[in-house]
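K.L.:
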Amino acid sequence: AQTVTQSQPEMSVQEAETVTLSCTYDTSENNYYLFWYKQPPSRQMILVIRQEAYKQQNATENRFSVNFQKAAKSFSLKISDSQLGDTAMYFCAPPLTGNQFYFGTGTSLTVIP
Amino acid sequence: DAGVIQSPRHEVTEMGQEVTLRCKPISGHNSLFWYRQTMMRGLELLIYFNNNVPIDDSGMPEDRFSAKMPNASFSTLKIQPSEPRDSAVYFCASSSQRDYSGANVLTFGAGSRLTVL
Numbered sequence: 002a003q004t005v006t007q008s009q010p011e012m013s014v015q016e017a018e019t020v021t022l023s024c025t026y027d028t029s030e031n032n033y034y035l036f037w038y039k040q041p042p043s044r045q046m047i048l049v050i051r052q053e054a055y056k057q058q059n060a061t062e063n064r065f066s067v068n069f070q071k072a073a074k075s076f077s078l079k080i081s082d083s084q085l086g087d088t089a090m091y092f093c094a095p096p097l098t099g100n101q102f103y104f105g106t107g108t109s110l111t112v113i114p
Numbered sequence: 022d023a024g025v026i027q028s029p030r031h032e033v034t035e036m037g038q039e040v041t042l043r044c045k046p047i048s049g050h051n052s053l054f055w056y057r058q059t060m061m062r063g064l065e066l067l068i069y070f071n072n073n074v075p076i077d078d079s080g081m082p083e084d085r086f087s088a089k090m091p092n093a094s095f096s097t098l099k100i101q102p103s104e105p106r107d108s109a110v111y112f113c114a115s116s117s118q119r120d121y122s123g124a125n126v127l128t129f130g131a132g133s134r135l136t137v138l
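For the protein sequence lines, the chains are Z and R, in the order given. If you want the numbering used here, it's the 1-based position in the first sequence plus 1. If you want the numbering used here, it's the 1-based position in the second sequence plus 21.
1. May I have a chain-ordered list of the beta strand (DSSP E) segments no shorter than 3 residues that lie completely inside the region 66 to 108 of chain Z?
2. On the CB-based measure, 16 or more other CB atoms within 10 Å of its CB, does R:His50 come out buried or exposed?
3. Using the Cα positions of R:Tyr121 and Z:Pro114, report the straight-line distance between them to the nearest angstrom.
4. Rounded to whole angstroms, how far is the Cβ of Z:Thr19 from the Cβ of Z:Ser81, which I believe are closer than 8 Å?
5. Am I right that R:Leu135 and R:Glu39 are in contact with their C-beta atoms under 8 Å? What's the rounded C-beta distance?
6. Compute the beta-carbon to beta-carbon distance between Z:Gly107 and Z:Val5, rounded to the nearest angstrom, for a pair I have assumed lies under 8 Å.
7. Checking the sheet assignment: what are the DSSP bridge partners for R:Val110?
8. Using C-beta distances below 6 Å, list every residue in its chain close to R:Thr59, excluding the 5 sequence neighbours before and after it, in chain order.
9. Enumerate, from N- to C-terminal direction, the unbroken beta strand (DSSP E) stretches of 3 or more residues contained entirely within the region 27 to 84 of chain R.
10. What are the residues that DSSP puts in a beta bridge with Z:Tyr38?
11. How far does the beta strand (DSSP E) with R:Leu20 in it reach, from first residue to last?
12. What's the C-alpha gap between Z:Phe36 and Z:Phe65?
13. Examine chain Z for any beta-carbon lying closer than 8 Å to the beta-carbon of R:Phe112, and answer yes or no.
14. Is the CB-CB distance between Z:Pro42 and Z:Ser109 below 8 Å?
15. Which same chain residues end up closer than 7 Å to R:Leu66 when comparing Cβ atoms and leaving out the 5 residues on each side of it in sequence?
16. For chain Z, find out if any of its Cβ atoms is closer than 8 Å to the Cβ of R:Ala131; answer yes or no.
17. At a CB-CB cut-off below 8 Å, which residues of chain Z make contact with R:Tyr126?
18. Between Z:Gln1 and chain R, is there a C-beta pair that is closer than 8 Å?
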């Protein structure tokens, strides 16, 4: 069975510090995209960053970057200079089967002032 | 663009009643997804439409659940009869799928919180 694993149910980080959220997955696809979504207390799902599997360069979006290890099927999210507004649930979403987006169970991140 | 619009935002109903959740995707998007979110199971993909056609409904929990997409601008998720274990937040999302590589981003609605008493 194809799976998405986020092994850290909860994490916390001091404001202005750096935190890394992990995600591993299983897929038989070779070319695909991977995504991280954020869900703040407002419950709205917001795209944080996406990575193209055929690109070796890791994606970066301002304070957010990924460490994509295709062979290891690992896709972690690094948040630098954490801000209070980063407090949210973070979901990893690799497209495991065609265009069907399956999400991990999420990591609840709390930024501590 | 107003984004993906879901209604109602909140629904409280009694066990056995029919519940209909509605979704208007972003204009021009040809893929639509229904998800259910609970504390226990996280985000579950229920069903996925492409060009108004259901592609995979294997995530639909049981026959009490049904989804339709009569046209490109409207979809419904119906639960009949509803049960307390159906209480969850139901999300609709849409994307503009050009191919099956997953190259397009999901845009989510704000969700419908369902409580079945």
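Just so it is clear, CB atoms sit at the ideal spot from N, CA and C, and this is done for glycine as well.
P.N.:
Per the coordinate set shown:
1. 75 to 80, 89 to 94 and 96 to 98
2. buried
3. Residue placement at R:Tyr121 is poorly supported in this model, since its pLDDT is 47, which falls under 50; the coordinates still yield a value, given next. In a straight line, the C-alpha of R:Tyr121 is about 43 Å away from that of Z:Pro114.
4. 5 Å
5. Going by Cβ atoms, the distance from R:Leu135 to R:Glu39 rounds to 12 Å, so no, they are not a contact pair.
6. Their Cβ separation, rounded to whole angstroms, is 10 Å, which puts Z:Gly107 and Z:Val5 out of contact at 8 Å.
7. R:Gln58 and R:Arg134
8. Ala109
9. 31 to 34, 40 to 45, 52 to 59, 63 to 71 and 74 to 77
10. Z:Leu48 and Z:Phe92
11. Look at the range of chain R in this structure, 22 to 138, and you will see that residue 20 of chain R is not part of it.
12. 12 Å
13. yes
14. no
15. Phe54, Tyr56 and Gly80
16. yes
17. The identity of residue 126 of chain R in the sequence shown is Val, whereas the question assumes Tyr. Under the 8 Å cutoff, chain Z gives Phe36, Leu48 and Arg51.
18. Lying before the first or after the last residue shown, residue 1 of chain Z is absent from chain Z, which here runs from 2 to 114.
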